[in-house]
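Written out below as structure tokens is the structure these notes cover.
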Amino acid sequence: MSAGRGRGSPRPQDIAARGGLGGAPAARALQAAALGRACGGGQTRGEGSGKAFRAFRAFRALEAPAGRAGRRALPGLRPGTPAGERGMIWKYREEVDRAAARELAGSLGKPVKYAQFLLGRGFRSREEIREFVAPELRRLPLPETMPNMRKAVECFLAARERGDTVAVAGDYDADGLTATAILVRVLGALGYKVITRIPNRLRDGYGLSAKAVEGLHAKGARLLVTVDCGVSDLEAVVAANRLGLPVVVTDHHRLPPQLPPAAAIVNPHLGGGWERSPMAGVGVAFMLAWAVQRALRFKGVQVDMNPPLVENLALVALGTVADMAPLTGVNRTLVRHGLRYLSNTSWPSLSALKSSSRLDDPGSVSARDVGFKLAPKLNAAGRLGSAEPALELLVTEDPLRARALAESLESINRDRYEGQKKLLALALSQLEASGGPEGRTVVLAGESWPKGLLGLVASRVAEVTRRPTVLLSLEGSVAAGSGRGAPGFDLLSALREARDLCRTLGGHSEAAGLSLDRDKLPAFKEAFERGASRQPGPPDDAELEIDLELDLDDLQTLAGALADL
Numbered sequence: 010m011s012a013g014r015g016r017g018s019p020r021p022q023d024i025a026a027r028g029g030l031g032g033a034p035a036a037r038a039l040q041a042a043a044l045g046r047a048c049g050g051g052q053t054r055g056e057g058s059g060k061a062f063r064a065f066r067a068f069r070a071l072e073a074p075a076g077r078a079g080r081r082a083l084p085g086l087r088p089g090t091p092a093g094e095r096g097m098i099w100k101y102r103e104e105v106d107r108a109a110a111r112e113l114a115g116s117l118g119k120p121v122k123y124a125q126f127l128l129g130r131g132f133r134s135r136e137e138i139r140e141f142v143a144p145e146l147r148r149l150p151l152p153e154t155m156p157n158m159r160k161a162v163e164c165f166l167a168a169r170e171r172g173d174t175v176a177v178a179g180d181y182d183a184d185g186l187t188a189t190a191i192l193v194r195v196l197g198a199l200g201y202k203v204i205t206r207i208p209n210r211l212r213d214g215y216g217l218s219a220k221a222v223e224g225l226h227a228k229g230a231r232l233l234v235t236v237d238c239g240v241s242d243l244e245a246v247v248a249a250n251r252l253g254l255p256v257v258v259t260d261h262h263r264l265p266p267q268l269p270p271a272a273a274i275v276n277p278h279l280g281g282g283w284e285r286s287p288m289a290g291v292g293v294a295f296m297l298a299w300a301v302q303r304a305l306r307f308k309g310v311q312v313d314m315n316p317p318l319v320e321n322l323a324l325v326a327l328g329t330v331a332d333m334a335p336l337t338g339v340n341r342t343l344v345r346h347g348l349r350y351l352s353n354t355s356w357p358s359l360s361a362l363k364s365s366s367r368l369d370d371p372g373s374v375s376a377r378d379v380g381f382k383l384a385p386k387l388n389a390a391g392r393l394g395s396a397e398p399a400l401e402l403l404v405t406e407d408p409l410r411a412r413a414l415a416e417s418l419e420s421i422n423r424d425r426y427e428g429q430k431k432l433l434a435l436a437l438s439q440l441e442a443s444g445g446p447e448g449r450t451v452v453l454a455g456e457s458w459p460k461g462l463l464g465l466v467a468s469r470v471a472e473v474t475r476r477p478t479v480l481l482s483l484e485g486s487v488a489a490g491s492g493r494g495a496p497g498f499d500l501l502s503a504l505r506e507a508r509d510l511c512r513t514l515g516g517h518s519e520a521a522g523l524s525l526d527r528d529k530l531p532a533f534k535e536a537f538e539r540g541a542s543r544q545p546g547p548p549d550d551a552e553l554e555i556d557l558e559l560d561l562d563d564l565q566t567l568a569g570a571l572a573d574l
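Counted from 1, the sequence shown has number 385 at position 376 by this note's numbering; the numbering is strictly sequential.
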């Protein structure tokens, strides 16, 4: 869950589990299940990054043997160090009103500590809890309330009347691929002719280029819609305008200083309340598909979609969890129901993906299954080359082709994992050879480091150092790569200190992509460091928030209640 308030004050005494939790495997397993399931509003970081659910981290703290101090020594920089073995300051959340907890528990018919848990996470009423525990699709805001959505729909209605071909330009990660797949499926069912374009990460880089726009126009595209990209692609949209090709940008990344001159820009960061829990790119694409369907029905166009639009929520769940969007508000509703459709899907594509992932229970797919087993396979193709096989898998209706593609992605993902381990070892060796991080940031660069793995490894280095990290691949005169932030740090804001040095720069508070001339690398490091210095520094030790202290008896009463969350 991520609806919490501020952190409480440090507790000076040792934080130890009561009731012998440290030596009872069965109790630990039950507690892990209860608190792990309770994190429905949190998020996982898949692909081996080592960041577990926040609620599960609370379980790890409570599991500590009695008498252990609230700090642990930091190990050296080495690959694969579990987060639970690093230095930690264990902190309780703010104290809650016990009388209010008893009253809430009585009204819910739940244990008092269940109510304490929810009050500590910011809930104040039965209605808030009901909406969180059982979010309903009928309570979703209408898609037309998103900024500029009506303008976007007008473009699609005009294109359908003219019989124009629509080009969908997506991204090569799981979010962009699932967003592209939704528009291919839905627009095709609504009578549109659709072509797609997914960039090759190694050859084309991120986003939409002017060259790509010219290619899509040459293939007959007369309306271009971007998904999970576009808001920073000023040059590409200008090129489209010169060709007379209207562009609808759907994106979820932070807004740049200058927006592209598109026919419509649909982005939750534009406001209207949608910015409170920013959606992933796939969520924005789903809202566009829903809005177009509603508009056609309003005009009296017969729309008999097969499968129904709502079944595409399976793809929304995949992309949203993969992109680590906050699972609150609209996102939580979409993912909650999307996981149900993903669990019970009969689509050959998703069935093959689940089968190749060897899930413990394919009939009950969790967010953790998506983050650690399904999404990495979709991401792997784009990291090592072309993401087209992953997109083909998501849209194919041929069971045999789906199985072949899924097994191919499994093999690619194994190669990705091995390459990631090697690059992480190189990066940490370079960092140690330089004497470790000296300032507020980490910038590492190497000759021809695999671009598709830079973001993953930057995330691991940031985890180890607790500093925002940028990894760059040096190729000829250009340095290009990815950055990952640290807890409580706005990465993109810090990087914008160096925007005049960058050829390209885009992203959000936790992740960014960039490129620059190789000879500007020293100046870039200085500018990034200046940008970071404007934000609070990293703590000496990571903080671990504690929700509750539990006795063994609590586990028996809380397990089922927390599992409902």
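From the three backbone atoms N, C-alpha and C, an ideal C-beta is built for every residue, glycine too. Predicted model only: the values in this text are computed from it and were never measured.
How many Å lie between residue i and residue j at the Cα?
i: Arg349; j: Ala161; result: 30 Å
i: Glu170; j: Ala399; result: 32 Å
i: Pro287; j: Asp332; result: 11 Å
i: His261; j: Val236; result: 9 Å
i: Ala6; j: Leu553; result: Any answer about residue 6 is impossible in this case: the structure gives the chain only from 10 up to 574.
i: His278; j: Thr405; result: 33 Å
i: Glu472; j: Gly494; result: 9 Å
i: Cys164; j: Leu192; result: 15 Å
i: Val234; j: Arg410; result: 28 Å
i: Glu284; j: Gly347; result: 21 Å
i: Asp173; j: Ala248; result: 19 Å
i: Leu530; j: Ser443; result: 16 Å
i: Asp242; j: Asp509; result: 16 Å
i: Val177; j: Leu322; result: 19 Å
i: Pro459; j: Ala489; result: 10 Å
i: Ala109; j: Lys122; result: 11 Å
i: Arg66; j: Ser524; result: Caution is warranted here: a pLDDT of 35 is assigned to Arg66, below 50, making its placement in the model unreliable, and no coordinate value can be reported.
i: Arg505; j: Leu483; result: 21 Å
i: Gly380; j: Arg527; result: 34 Å
i: Thr329; j: Ala289; result: 5 Å
i: Ser420; j: Leu393; result: 12 Å
i: Asp499; j: Ala334; result: 15 Å
i: Ala78; j: Trp99; result: Unreliable placement is indicated for Ala78, whose pLDDT of 31 sits below 50; no coordinate value is reported for it.
i: Pro371; j: Ala384; result: 15 Å
i: Ser373; j: Phe141; result: 19 Å
i: Val367; j: Asp378; result: Reading off the sequence, residue 367 comes out as Arg, not Val. Roughly 10 Å between the two C-alpha positions.
i: Thr450; j: Arg475; result: 9 Å
i: Gly253; j: Asp369; result: 51 Å
i: Ile204; j: Pro266; result: 31 Å
i: Ala415; j: Arg425; result: 15 Å
i: Ala413; j: Ser358; result: 10 Å
i: Ala507; j: Cys238; result: 21 Å
Here's the rule I'm using: 16 or more other beta-carbon atoms within 10 Å means buried, otherwise exposed. How should residue i be labelled?
i: Leu576; result: Nothing in the structure corresponds to residue 576, since the chain is present only between 10 and 574.
i: Leu564; result: buried
i: Glu320; result: buried
i: Val293; result: buried
i: Asp556; result: buried
i: Asn340; result: buried
i: Ala188; result: buried
i: Asp106; result: exposed
i: Gln125; result: buried
i: Gln302; result: buried
i: Val487; result: exposed
i: Asn353; result: exposed
i: Lys382; result: buried
i: Ala227; result: exposed
i: Pro408; result: exposed
i: Ala326; result: buried
i: Gly522; result: buried
i: Pro91; result: Its pLDDT being 42, under 50, Pro91 is placed unreliably in this model, and the coordinates cannot settle the point.
i: Leu324; result: buried
Just to check my reading of the structure: residue i and residue j have Cβ atoms closer than 8 Å, yes? What is that Cβ distance to the nearest angstrom?
i: Gly461; j: Pro477; result: Going by Cβ atoms, the distance from Gly461 to Pro477 rounds to 21 Å, so no, they are not a contact pair.
i: Ala183; j: Leu402; result: No, Ala183 and Leu402 are not in contact; Cβ-Cβ is about 11 Å, not under 8 Å.
i: Pro120; j: Ala570; result: 6 Å
i: Gln439; j: Gly455; result: 7 Å
i: Pro545; j: Gly497; result: 7 Å
The stretch 266-277 in contact with the stretch 143-163 per 3-pair CB rule at 8 Å:
yes
Sufficient close CB pairs (3 or more, under 8 Å) joining the stretch 213-222 to the stretch 506-525: The stretch 213-222 is in contact with the stretch 506-525.
Do three or more CB pairs link the stretch 435-452 to the stretch 462-476 at distances below 8 Å?
yes
Are three or more beta carbon pairs between the stretch 307-321 and the stretch 357-369 nearer than 8 Å?
no
Ignoring anything shorter than 3 residues or poking outside the stretch 131-215, list the beta strand (DSSP E) runs there in chain order. 174-178, 202-206
Curious, which full-length alpha helix (DSSP H) runs of at least 4 residues does the stretch 257-325 contain? You should have 290-307.
- Query: What runs of the beta strand (DSSP E), each 3 residues or longer, lie entirely inside the stretch 399-439?
  - Reply: none
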